[in-house]
Each structure stands twice: as C-alpha cells, then as structure tokens.
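All remarks here apply to the structure that follows.
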Amino acid sequence: MSDADTGAGDNGPEMVQINLRLSKAFLEDIDTTWKEQGFNSRSEFLRYAARDAVTHPEFSREGWKQIAASEHELRSGSAELVSREDVVEMMGGDEDDE
Numbered sequence: 122m123s124d125a126d127t128g129a130g131d132n133g134p135e136m137v138q139i140n141l142r143l144s145k146a147f148l149e150d151i152d153t154t155w156k157e158q159g160f161n162s163r164s165e166f167l168r169y170a171a172r173d174a175v176t177h178p179e180f181s182r183e184g185w186k187q188i189a190a191s192e193h194e195l196r197s198g199s200a201e202l203v204s205r206e207d208v209v210e211m212m213g214g215d216e217d218d219e
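If you use the numbering used here, the sequence shown corresponds to residues 122 to 219, in order.
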C-alpha cells in the first residue's frame, strides 16, 4: 500500500490540487450522492471513488453499468432479488476461489 493510501508521513501525504471538467447535471448527481452516502465533502467522495477505482481495477466500466442497471430495476420493481450463489454463477466464478 502506498503512502497515499495509508496517510503515512509527518503531516500525511502531500495533497495536489487538480482541475476536473464535468457536466452540471453530473456534478449535481455527485453532490447528491456524497451527501446521501455521508461523506464530509465532495473532495472526500471523489478521492474515495478514485482510490477505489485504482485499488480495484477488476471492476470494469461495463460491470459498473450492469450494477447500476440492476439497481435501477430493483428500485423500480421490474427485477427480482437473486441469491449470492446465483450471482457467483452469473459472474462465471467459483465460490471456492474466495
């Protein structure tokens, strides 16, 4: 784990400011999400999201789209819950690999 992940150092890791261009609608979605999820700030949420993407690159963009679509279907009542075993089978995994 890098110093950026652990907060190592006398005063923690050196922070660097970046600029990011987003659509207004997407920024509004981000603001709603960080507040609902209990983050202290937009920056904290975006650092968490970026760290998660770097730490878990196996979660592909397509995988996240499928998760979001499934979440929408569940919330709208157009889908049914499935068991953990069904999910493992759908993902082509083997439960013994854990």
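We put the beta carbon where it would ideally sit given N, CA and C, even for glycine.
In the structure shown, what three-state DSSP assignment does Gly133 receive? strand
Distance, Cα to Cα, Lys186 vs Gly133? 34 Å
Which of helix, strand or coil DSSP assigns to Gln187: helix
Met211, enclosing alpha helix (DSSP H) - first and last residue: 205-211
Would DSSP call Arg142 helix, strand or coil? coil
Can you check whether the CB of Thr154 is closer than 8 Å to the CB of Phe166? yes
Does DSSP put Ala171 in a helix, in a strand, or in coil? helix
Of the listed residues Leu143, Asn140, Met212, nearest to Glu179 (C-alpha basis): Minimum Cα distance to Glu179 is reached at Met212.
If you run the structure through DSSP and keep just helix, strand and coil, what is Asp218? Here Asp218 scores only 49 on pLDDT, less than 50, and its place in the model should not be relied on; the value that follows carries that caveat. Helix, per DSSP.
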